[in-house]
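Take 118 as the starting number for the sequence shown in the working numbering and just add one per residue. The C-beta atom is built at its ideal place from N, Cα and C for all residues, glycine as well. These figures come from a predicted structure and were not determined experimentally. Following: one structure in structure tokens, then a few remarks.
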Amino acid sequence: MCFHSPIPLFSAFLQLLCFLGLFGLAFYVFQFKIDGGLSLTSERRSVRRGVEGRRRSLISYFWITALSSLAADYGVKNVKEILDLQGFLPIETFGYPFMFFVTLLRFTIGNLLHIRRLEKANVSSYIWLFDFTVIFIESLILILLGCYCYENILKFLILLMALCLLDCLWILSIGFMYLKGLRSEVPWAWGLLNLASGLFLASIIFHILPLDFRSFLGSLVIIGWFTICAIIDLFLVDYYELLKE
Numbered sequence: 118m119c120f121h122s123p124i125p126l127f128s129a130f131l132q133l134l135c136f137l138g139l140f141g142l143a144f145y146v147f148q149f150k151i152d153g154g155l156s157l158t159s160e161r162r163s164v165r166r167g168v169e170g171r172r173r174s175l176i177s178y179f180w181i182t183a184l185s186s187l188a189a190d191y192g193v194k195n196v197k198e199i200l201d202l203q204g205f206l207p208i209e210t211f212g213y214p215f216m217f218f219v220t221l222l223r224f225t226i227g228n229l230l231h232i233r234r235l236e237k238a239n240v241s242s243y244i245w246l247f248d249f250t251v252i253f254i255e256s257l258i259l260i261l262l263g264c265y266c267y268e269n270i271l272k273f274l275i276l277l278m279a280l281c282l283l284d285c286l287w288i289l290s291i292g293f294m295y296l297k298g299l300r301s302e303v304p305w306a307w308g309l310l311n312l313a314s315g316l317f318l319a320s321i322i323f324h325i326l327p328l329d330f331r332s333f334l335g336s337l338v339i340i341g342w343f344t345i346c347a348i349i350d351l352f353l354v355d356y357y358e359l360l361k362e
């Protein structure tokens, strides 16, 4: 289902264009301009860093939005297929696509807020590139989640577990950079939510918990867990982040 688009050639062209555009924009961002750079005053250097930070943020916003839209497109196709095949939305079938959309919304908003934090902190290009690379990989995983949220629930849960644990490793690396004075803050709340979610999924996938993700009860517990995590993250963590500004 993942690549069975009504217009597969256009879909493949769009994805190829995204990858080529990414590397083209990255090259543009990191090319060094040496015209008069050594003679700039400290004030003008500060202005230039601000302009470059804003440019990096705009590029990041574009790619996060584009890849998230592509992931949402696959999710919508899955919901349409459910309606076409069954005519109704049982929780065992519709629940996981719903969980995908909740997770997509949570990660998209969280990543956009993180990019804004980077712009405000005026971080170096290398830190931005590191964070953007992780966000790009997470966005690719979200696209795969949109593909499998109905077709193969086991693959969907494995990918979601990988997404949560990858995000934990990323936040752990941010913590190490914070200790070295390279970061101004660490999103610990986000990391704790994803660590708990990743371990919860691992315990279900590897049969540590006696919970069948294909059953009504198992689906309800998993969907409820990620819905609660999304509510906590969007209406407490992210909302508090906006209030600080």
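| Query | Result |
| --- | --- |
| Pick from 328, 258 and 333 that is closest to residue 396, judged by C-alpha positions | Outside the displayed span of the chain (118 to 362) sits residue 396, for which this structure offers no information. |
| When 335, 347 and 341 are compared against residue 271, the one with the closest alpha-carbon | 335 |
| Where the alpha helix (DSSP H) containing residue 256 begins and where it ends | 242-268 |
| Where residue 284 falls: helix, strand or coil (DSSP) | helix |
| Burial state of residue 302 (16 or more Cβ within 10 Å) | exposed |
| C-beta neighbour in chain D for residue 211, strict 8 Å | This model lacks chain D altogether; it includes just one protein chain. |
| Spatially closest choice to residue 196 from 299, 186, 249 and 266, by CA coordinates | 266 |
| Segment limits, alpha helix (DSSP H) that includes residue 308 | 305-322 |
| DSSP-derived helix/strand/coil call for residue 273 | helix |
| Inter-residue Cα distance where the pair is residue 224 and residue 307 | 10 Å |
| Close beta carbons around residue 211, own chain, < 8 Å, minus the five adjacent residues each side | 196 and 199 |
| Segment limits, alpha helix (DSSP H) that includes residue 337 | 333-349 |
| Buried or exposed (CB count within 10 angstroms, at least 16 for buried), residue 332 | exposed |
| Exposure label - residue 327; buried when at least 16 CB within 10 Å | exposed |
| Inter-stretch contact at 8 Å, needing at least 3 Cβ pairs: the segment 184-196 / the segment 307-318 | no |
| Beta-carbon separation (whole angstroms), residue 233 vs residue 174, contact threshold 8 Å | 7 Å |
| Residue of 183, 202, 287 and 217 minimising C-alpha distance to residue 341 | 217 |
| Residue 299 versus residue 317: straight-line alpha-carbon distance, rounded | 32 Å |
| Contact set for residue 156: own chain, Cβ-Cβ below 8 Å, skip 5 residues either direction | Here residue 156 scores only 47 on pLDDT, less than 50, and its place in the model should not be relied on; the value that follows carries that caveat. Answer for residue 156: no residue qualifies. |
| DSSP state of residue 328 mapped onto helix, strand, coil | coil |
| Where residue 354 sits in the DSSP three-state scheme | helix |
| Same chain, Cβ closer than 6 Å to residue 287, five either side skipped, listed in chain order | 251 |
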